[in-house]
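Below is one structure; the comments refer to it alone.
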Amino acid sequence: MFTKVKMKKPVILILLFVSYGELTAQNDPTTYFIDRMSVSSSNSRIDVNAKGDTVLISEFDSKNIKNQSHQDFTKIYKGTPYFKNKWFIGQMRLKDGEVIKGNMAFNLVSNVVHFTPFYTAEATELRPEEIILDGHVLRKQKDFFSNAMDYYYEIVYHEKSLILSRPVCRYQPKSQAQTTGYEPTGDNFEGYFEKTEQLFFGSDDKLILIKSNARFYDIFGLHKKAIQSYVIDNKLNIKLKPDILKIFRYYDSLL
């Protein structure tokens, strides 16, 4: 972890009804968010509140030259857009093959890496070919799979079958976030960063999303009934990643 990372005056915009934002980072670590306005954050940090929630706290300094007004305010977001909610000392490989190391945070919402070299005070946004963070190797796969787009994937199983994982984060403004009726009123969050993991089965030049419903078994073709029996006999849960990988190991044994 590093301290005091200076940024190039970023301005971030998260629009209502849009869950994608261009995000930049500073400090420990810093990023800037504000709904329906265009204002630079003067400081931002990741913290843990009294309830144990990881939160992003952004401080804003709003100046309106036309009205000659000035306003300071703070916004708090539940969660962060970062992979594992933190900065890492990691490395990445660029398109030309160059490998660089330094302080970096992978922003899942904007699909960019915020990077600053060691002992350097300015962070920049990069879109490398490969990212290595905390032992996780995430690579672009568009050269191998026609529908992989520009996202980053981690290989989590590779025998006869190939399974890839894609970390996903979506931003939900408070006005759009789904509620259960049990949330405390006045939680003071401006919005929520919701993280999920998607698993894909590599088939020829396509990535097939592994769905945790009845269509899960369609992937296995002629072995569909054998896989269904294996799941029932071993009391496996097709919504759990470890069980999904066990199922593919068994599937490979049938090939």
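Just so we're aligned, residue 62 is where the sequence shown starts under my numbering, counting upward by one.
Yeah, the Cβ is synthetic: ideal placement off N, Cα and C, and Gly gets one too.
Can the beta-carbon of residue i be found closer than 7 Å to that of residue j?
| i | j | result |
| --- | --- | --- |
| ILE271 | PHE281 | no |
| PRO142 | PHE254 | yes |
| PRO189 | MET153 | yes |
| LEU187 | VAL174 | yes |
| GLY163 | PHE176 | yes |
Suppose you measure from the CA of residue i to the CA of residue j; what does that come to, to the nearest Å?
| i | j | result |
| --- | --- | --- |
| THR115 | TYR311 | 38 Å |
| ALA86 | GLY140 | Note on ALA86: pLDDT 36, under 50, position unreliable in the model; the coordinate value appears next. Taking the straight line joining both Cα atoms gives about 15 Å. |
| SER290 | ASN172 | 39 Å |
| PRO234 | LYS136 | 12 Å |
| ARG97 | ASP304 | Per-residue confidence for ARG97 stands at a pLDDT of 34, beneath the threshold of 50, marking its modelled position as unreliable; no derived number is given. |
| PHE277 | ILE299 | 8 Å |
Out of the options, which one is the CA nearest neighbour of residue i?
| i | options | result |
| --- | --- | --- |
| THR185 | GLY196, PHE167 and ARG200 | PHE167 |
| LYS256 | LYS235, ASP204 and ARG231 | ARG231 |
| ASP211 | LYS156, LEU194 and ILE150 | LYS156 |
| ILE216 | GLU258, SER236 and TRP148 | GLU258 |
| SER236 | SER119, TYR138 and GLN289 | TYR138 |
| ARG200 | LEU194, ALA209 and TYR214 | TYR214 |
| ASP266 | ASP279, LEU223, ALA275 and GLU120 | LEU223 |
| PHE205 | SER264, ILE192 and LYS147 | SER264 |
| LEU306 | GLY113, HIS219, ALA209 and GLY196 | HIS219 |
Let's see if you can read the secondary structure: which residues bound the beta strand (DSSP E) around residue i?
| i | result |
| --- | --- |
| PRO228 | 223-234 |
| LEU306 | Taken as a continuous stretch (DSSP letters only), LEU306 belongs to no beta strand (DSSP E), being part of the alpha helix (DSSP H) at 302-315. |
| ILE150 | 149-154 |
Would residue i be called buried (16 or more neighbouring beta carbons within 10 Å of its own) or exposed?
| i | result |
| --- | --- |
| SER207 | exposed |
| ILE150 | exposed |
| ILE308 | buried |
| ILE288 | buried |
| ARG229 | Correcting the residue type first, residue 229 is Val in the shown sequence and not Arg. By the neighbour-count rule (16 or more Cβ atoms within 10 Å), VAL229 is not buried but exposed. |
| PRO275 | Note that residue 275 corresponds to Ala in the displayed sequence, not to Pro. The residue in question, ALA275, is exposed, as its Cβ has fewer than 16 Cβ neighbours within 10 Å. |
Following the continuous alpha helix (DSSP H) through residue i, name the residue where it begins and the one where it ends.
| i | result |
| --- | --- |
| ALA166 | Taken as a continuous stretch (DSSP letters only), ALA166 belongs to no alpha helix (DSSP H), being part of the beta strand (DSSP E) at 160-168. |
| LYS286 | 285-294 |
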